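Participant: My questions will all concern the structure given below.
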Amino acid sequence: MADAVETLRAAGFAGPYACAIVAGTGLGGLADALADAVSLPYADIPGFPGAGVSGHRGRLHRGVIAGRPVLVLEGRAHAYEHGDAAAMRIPIAAAMALGAACLLLTNASGSLMPEAGPGSLVRLSDHLNLSGMNPLIGEPSDARFVPMVRAYDPALNARLDAAAAACGIPLPAGVYAWFSGPSFETPAEVRMAGRLGADLVGMSTVPEVILARFLGLPVAAVSVVTNRAAGIGDGDPHHAETKQAATAAAADLIRLIRSFVAALPAGDP
64 MADAVETLRA
74 AGFAGPYACA
84 IVAGTGLGGL
94 ADALADAVSL
104 PYADIPGFPG
114 AGVSGHRGRL
124 HRGVIAGRPV
134 LVLEGRAHAY
144 EHGDAAAMRI
154 PIAAAMALGA
164 ACLLLTNASG
174 SLMPEAGPGS
184 LVRLSDHLNL
194 SGMNPLIGEP
204 SDARFVPMVR
214 AYDPALNARL
224 DAAAAACGIP
234 LPAGVYAWFS
244 GPSFETPAEV
254 RMAGRLGADL
264 VGMSTVPEVI
274 LARFLGLPVA
284 AVSVVTNRAA
294 GIGDGDPHHA
304 ETKQAATAAA
314 ADLIRLIRSF
324 VAALPAGDP
């Protein structure tokens, strides 16, 4: 991690930052909304993973949104790409070391919620880890026993809700179920997740929430609904559909993020 931070400081990425934002599948337009942007490919940063899924360009950006300095991680590494649930540990730790005051995660998901169809935004209130993986497996210290009662920071959640209200964007809260992927969920798995309390299903985000909690970085998350979960409605989910729907919803997400970031204080969130 130290090599990554040294490289980034030398490239002009020293903070502080109001927020670090992870842009998920099809949401790279967020980076295009930055003013005064400076970018660096993940491949040029020691320890940063490759982001090999289409719709994830794998670039780190610094810039300004709503008058606030932010970091944007354009693309993430998924556990199903590398077999490593901790693949995003160095990027998140580096963002924190560079001065990011909080972490906002975005993703694409399948919805079980009748009121949240494709194109909707949902704030994550909690999650179910159904993957059998955890990014802290093998961590040698007792710090690995991370409490997850308020995994999604209440103050950041309140700011997201206020930002959505200010923009006139519906933002229901929902529970996200993490499946390992890369195959989509079966209808039976979706029914199981629903009975356990899930409102959304997807293949990312939860490892990053756990890592942020472990590192002491306040975290919140917003999901872009790209499809009805398998077995709900007609047709099968496809990655191309996911990218297309996420891109179509990007304008609302960018408006929400602008409003959210504008209300962040300069220091602690």
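Here the sequence shown stands for residues 64 to 332, numbered as in our numbering. All residues carry an ideal CB built from backbone N, CA and C; glycine is no exception. Just so you know, these numbers come straight off a predicted model, no measurement behind them.
1. Could you pull out every residue in the same chain whose Cβ sits closer than 6 Å to the Cβ of I232, ignoring the five residues on either side in sequence?
2. When the Cα of R72 is compared with those of G91, G92, A94, L103, which residue comes out closest?
3. What do you reckon, are the CB atoms on I273 and L199 nearer than 9 Å?
4. Start and end of the beta strand (DSSP E) containing H141?
5. From A77, E69, R122, pick the residue whose C-alpha is nearest to that of A94; which is it?
6. Taking the straight line between their C-alpha atoms, what separation do you get for L187 and P328?
7. Between which two residues does the alpha helix (DSSP H) carrying R258 extend?
8. Of the choices L166, P245, F242, whose alpha-carbon is the least far from that of R222?
9. Where do the N-terminal and C-terminal ends of the beta strand (DSSP E) with V127 fall, by residue?
10. Whose C-alpha, out of A218, W241, V68, is nearest the C-alpha of G173?
11. Taking F76 and R125 to be in contact with their CB atoms under 8 Å, please state how far apart those CB atoms are, rounded to whole angstroms.
12. Would you report the Cα separation of V68 and R213, rounded to the nearest angstrom?
13. Measure the alpha-carbon distance for Q307 versus D205 and round it to whole angstroms.
14. Output the distance between the C-alpha atoms of A292 and E137, rounded to the nearest integer angstrom.
15. Mapping DSSP to helix, strand and coil, what is E69?
16. Going along the chain, which residues of its own chain have a beta-carbon closer than 7 Å to the beta-carbon of P332, five neighbours each way excluded?
17. What does a CB cutoff of less than 7 Å around A156 pick up in its chain, not counting 5 residues either side in sequence?
18. If we call anything under 9 Å between Cβ atoms a contact, is V287 one with H190?
19. If I measure Cβ to Cβ from A227 and keep anything under 8 Å in the same chain, skipping five residues before and after, which residues do I get?
20. Rounding to the nearest angstrom, what Cα-Cα distance links A106 and A325 in this structure?
21. Taking its Cβ as the centre, do 16 or more other Cβ atoms sit within 10 Å of R139, making it buried, or is it exposed?
22. Quick one: residues in its chain with C-beta nearer than 7 Å to the C-beta of L97, no 5 flanking neighbours on either side, listed in chain order?
23. For T169, which of helix, strand or coil comes out of DSSP?
24. Assuming H141 and G244 are in contact, meaning their beta carbons sit under 8 Å apart, how far apart are those beta carbons, in whole angstroms?
Facilitator: With the structure as the only source:
1. Mapped onto the sequence shown, residue 232 falls at position 169. Answer for I232: D315, L319, listed in chain order.
2. On the sequence shown, position 9 is the one that residue 72 refers to. The residue with the shortest Cα to Cα distance from R72 is L103.
3. Walking along the sequence shown from the start, residue 273 turns up at place 210. Walking along the sequence shown from the start, residue 199 turns up at place 136. The answer is yes: Cβ separation under 9 Å.
4. Numbered from 1 along the sequence shown, position 78 holds the residue referred to as residue 141. First-last for H141: undefined, no H or E at that position.
5. Numbered from its first residue, the sequence shown carries residue 94 at position 31. Ranking A77, E69, R122 by Cα distance to A94 puts R122 first.
6. As a first step, residue 187 must be located in the sequence shown, where it is residue number 124. As a first step, residue 328 must be located in the sequence shown, where it is residue number 265. Each residue's alpha carbon lies about 22 Å from the other.
7. Position 195 of the sequence shown holds residue 258. Unbroken alpha helix (DSSP H) run through R258: 250–258.
8. On the sequence shown, position 159 is the one that residue 222 refers to. Nearest option by C-alpha distance: L166.
9. For this step, residue 127 is matched to residue 64 along the sequence shown. Looking at the DSSP string, the run of the beta strand (DSSP E) that includes V127 is 122–128.
10. Start at 1 with the first residue of the sequence shown, and residue 173 comes out as number 110. The option with the nearest alpha carbon to G173 is W241.
11. In the sequence shown, the residue the question calls residue 76 occupies position 13. In the sequence shown, the residue the question calls residue 125 occupies position 62. About 5 Å separates the two Cβ atoms, so the contact holds.
12. One-based indexing of the sequence shown puts residue 68 at position 5. One-based indexing of the sequence shown puts residue 213 at position 150. Near 29 Å, if we compare the C-alpha coordinates of R213 and V68.
13. Here residue 307 corresponds to residue number 244 of the sequence shown, with the count starting at 1. Here residue 205 corresponds to residue number 142 of the sequence shown, with the count starting at 1. Going by the C-alpha atoms only, they are around 43 Å apart.
14. The residue given as residue 292 occupies position 229 in the sequence shown. The residue given as residue 137 occupies position 74 in the sequence shown. Distance between the alpha carbons of A292 and E137: 25 Å.
15. Residue mapping note: residue 69 aligns to position 6 of the sequence shown, counting from 1. E69 falls in the helix class under three-state DSSP.
16. For the purposes of this step, residue 332 is taken as residue 269 along the sequence shown, with counting starting at 1. In this prediction, P332 scores a pLDDT of 42, lower than 50, which makes its location untrustworthy; the coordinate-derived value is nonetheless stated afterwards. Hits under 7 Å: A164, C165, A218, L219, P281.
17. What you label residue 156 is simply residue 93 of the sequence shown in a count that begins at 1. Closer than 7 Å at the Cβ level, and outside the excluded window around A156, lie M64, L278.
18. Position 224 of the sequence shown holds residue 287. Position 127 of the sequence shown holds residue 190. Contact flag unset, no.
19. Against the sequence shown, residue 227 aligns to sequence position 164. Taken in chain order, the residues that qualify are L184, R186, P233, L234, L319, S322.
20. If you number the sequence shown from 1, residue 106 lands on position 43. If you number the sequence shown from 1, residue 325 lands on position 262. Roughly 31 Å separates the two Cα atoms.
21. Numbered from its first residue, the sequence shown carries residue 139 at position 76. The residue in question, R139, is buried, as its Cβ has 16 or more Cβ neighbours within 10 Å.
22. As a working note, residue 97 is residue 34 in the sequence shown. Here the set comprises H124, G126, V127, I128, V135.
23. Here residue 169 is taken as the residue at index 106 of the sequence shown, counted from 1. Note: T169 maps to strand in three-state DSSP.
24. As a working mapping, residue 141 is identified with position 78 in the sequence shown. As a working mapping, residue 244 is identified with position 181 in the sequence shown. Rounded, the Cβ-Cβ distance is 7 Å, consistent with contact.
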